[in-house]
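Engineer: Right, I'll just put the structure down here and ask away after.
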Amino acid sequence: MKILAFETSCDETAVAVVENGTKVLHSAVFSQIDIHKELGGVVPEVAAREHILKIIPVLNEALAKSGTSLEEVDAIAVTRAPGLISSLLTGTVTASTLALALGKPIIPVNHIHGHIYANWLDRHTEEIEFPIVVLTVSGGHNELVLMKEHCSFEILGETLDDAAGEAFDKVARLIGLGYPGGPAISKTAVGGDKYKFDLPRAWLKNGSLDFSFSGLKSAVARVVASHKIDAKFQADMSASFEEAVCDVLSSKLITAAKKYKAKEIHLAGGVSANKRLREVVAERATRDFVLRYPANMHYCTDNAAMIGSAGYFMFVKNPSIYSEWKNVNASASVNSSAV
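See below:
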């Protein structure tokens, strides 16, 4: 079954063709990162205009390089929430128009569920065993999710304020590293002392699996105010901050996995590409759990292949999941249902 998938939730215009939920025939992405880097962060109006300009060329690339015609597509999947509403609309309108014109079923997908299914790409489905606890972590969201079966998502914990990726961006700006913060901090941290600054960890009360990074961000701001920002300071603060974030993320992931007797633990989302996070989780997981993260770095960041994977498994589990083309409405809300 071939799924044509669209992802336009933020600043990547992405289209992919995915077969049977795991085989990526082609994943095309146009990233606006260089545009927004000059602006210090994503500007929604700029992102929306770029999506409009790029969506058809990216669609054409995905079809041509996958060797797929529109007639060969079995269904269309599209991110409908959460994200920037003006960006989401480009994807939902394009996908809905194609669904109407071609008479194809359309599957609205939650962006976070897409990130979760990035771990199925380029893998055999029989390799993966439930139950699974997934840590989804990126610029806009932080969640611990329990999956007992396909397309079953129970939220065990979520961010109460800043998501980890958002904290990376803000701290990077504080210490003069610019945007995007995640890669900049990870690169700078390599030469730093992770024990130089004793930064707080927000464990919260009563064994909570929720996350909070606003206090950590504020602590960094206080340290920055009393130090000269030079290369040594940037390296030490990057290493100390990265360690504090990875400590909390990994600890809560392992705690949740033990509590819910998971067979596997998965990392998903942009921050799943962080080398130190992978190392810390691997150290703490030992032999108790199978650890997985996306098979290709390309699948960690926003892409349409993950949306195609999620759409496929949704459709297989419940063929009636697809909507009428006119009922696929974009939503900015992280709490919006997938359909």
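In the numbering used here, the protein residues as written are 727 to 1065. Glycine residues also receive a C-beta, built at the ideal position from the N, C-alpha and C atoms. These numbers come from a predicted model, not from an experiment.
Between which two residues does the alpha helix (DSSP H) carrying H777 extend?
Structural biologist: The count along the sequence shown starts at 1 and reaches residue 777 at position 51. From DSSP, the alpha helix (DSSP H) with H777 extends over P770 to S792.
Engineer: Once the 5 residues before and after L979 are set aside, which same chain residues still bring their CB inside 7 angstroms of it?
Structural biologist: As a first step, residue 979 must be located in the sequence shown, where it is residue number 253. If we look at L979 and ignore the five residues flanking it on each side, its Cβ neighbours are V859, L861, L870, I991 and V1007.
Engineer: Determine the contact status of M727 and A801, defining contact as a CB-CB distance below 9 angstroms.
Structural biologist: In the sequence shown, residue 727 corresponds to position 1, counting from 1. In the sequence shown, residue 801 corresponds to position 75, counting from 1. Contact: yes.
Engineer: Could you work out which residue in A742, T851 and D1028 is closest to F1039 when comparing CA atoms only?
Structural biologist: As a working note, residue 1039 is residue 313 in the sequence shown. Among A742, T851 and D1028, the Cα nearest to that of F1039 belongs to T851.
Engineer: In whole angstroms, give me the CA-to-CA distance for A1064 and C877.
Structural biologist: To locate residue 1064, count along the sequence shown from 1; it is residue 338. To locate residue 877, count along the sequence shown from 1; it is residue 151. In this prediction, A1064 scores a pLDDT of 45, lower than 50, which makes its location untrustworthy; the coordinate-derived value is nonetheless stated afterwards. Between A1064 and C877, the C-alpha separation is close to 11 angstroms.
Engineer: Return the CA-CA distance between I781 and T820, expressed in angstroms with no decimal places.
Structural biologist: Sequence index remark: in the sequence shown, residue 781 carries index 55 (1-based). Sequence index remark: in the sequence shown, residue 820 carries index 94 (1-based). If you take the alpha carbons of I781 and T820, they lie about 8 angstroms apart.
Engineer: Is L925 helix, strand or coil by DSSP?
Structural biologist: As a position in the sequence shown, residue 925 is number 199, starting the count at 1. If DSSP states are grouped into helix, strand and coil, L925 belongs with coil.
Engineer: Would you check if the distance between the CB atom of A740 and the CB atom of V755 is smaller than 9 angstroms?
Structural biologist: Counting from 1 along the sequence shown, the entry for residue 740 is found at position 14. Counting from 1 along the sequence shown, the entry for residue 755 is found at position 29. Result yes, Cβ atoms of A740 and V755 sit closer than 9 angstroms.
Engineer: Classify P1079: buried if its beta carbon has 16 or more other beta carbons within 10 angstroms, exposed otherwise.
Structural biologist: The requested residue 1079 does not occur in the structure, where the chain is confined to residues 727 to 1065.
Engineer: Could you check the C-alpha separation between S998 and V863 for me, to the nearest Å?
Structural biologist: One-based indexing of the sequence shown puts residue 998 at position 272. One-based indexing of the sequence shown puts residue 863 at position 137. One C-alpha to the other measures close to 7 angstroms.
Engineer: Using the Cα positions of K1001 and G918, report the straight-line distance between them to the nearest angstrom.
Structural biologist: Residue mapping note: residue 1001 aligns to position 275 of the sequence shown, counting from 1. Residue mapping note: residue 918 aligns to position 192 of the sequence shown, counting from 1. Their backbone Cα atoms lie some 15 angstroms apart in a straight line.
Engineer: Using a Cβ-Cβ cut-off of 9 angstroms, state whether G908 counts as contacting chain B.
Structural biologist: The chain inventory of the structure shown lacks chain B, comprising one protein chain alone.
Engineer: Within the same chain, show all residues whose beta-carbon is closer than 7 angstroms to that of R1018, passing over the 5 residues directly before and after it, in chain order.
Structural biologist: Residue 1018 sits at position 292 when you count from the first residue of the sequence shown. Closer than 7 angstroms at the Cβ level, and outside the excluded window around R1018, lie N845, E990 and H992.
Engineer: Could you tell me which residues DSSP pairs with N836 in its beta bridges?
Structural biologist: Numbered from its first residue, the sequence shown carries residue 836 at position 110. In DSSP, N836 forms a bridge with A807.
Engineer: Would you please state the rounded distance, in angstroms, between the beta carbons of L847 and Y986? I believe it to be under 8 angstroms.
Structural biologist: Locating residue 847 in the sequence shown gives position 121, counting from the first residue. Locating residue 986 in the sequence shown gives position 260, counting from the first residue. Wrong, their Cβ atoms sit about 24 angstroms apart, outside the cutoff.
Engineer: How many angstroms separate the CA atom of G908 from the CA atom of V949?
Structural biologist: Counting from 1 along the sequence shown, the entry for residue 908 is found at position 182. Counting from 1 along the sequence shown, the entry for residue 949 is found at position 223. Rounded to whole angstroms, G908 to V949 spans 20 angstroms at the Cα level.
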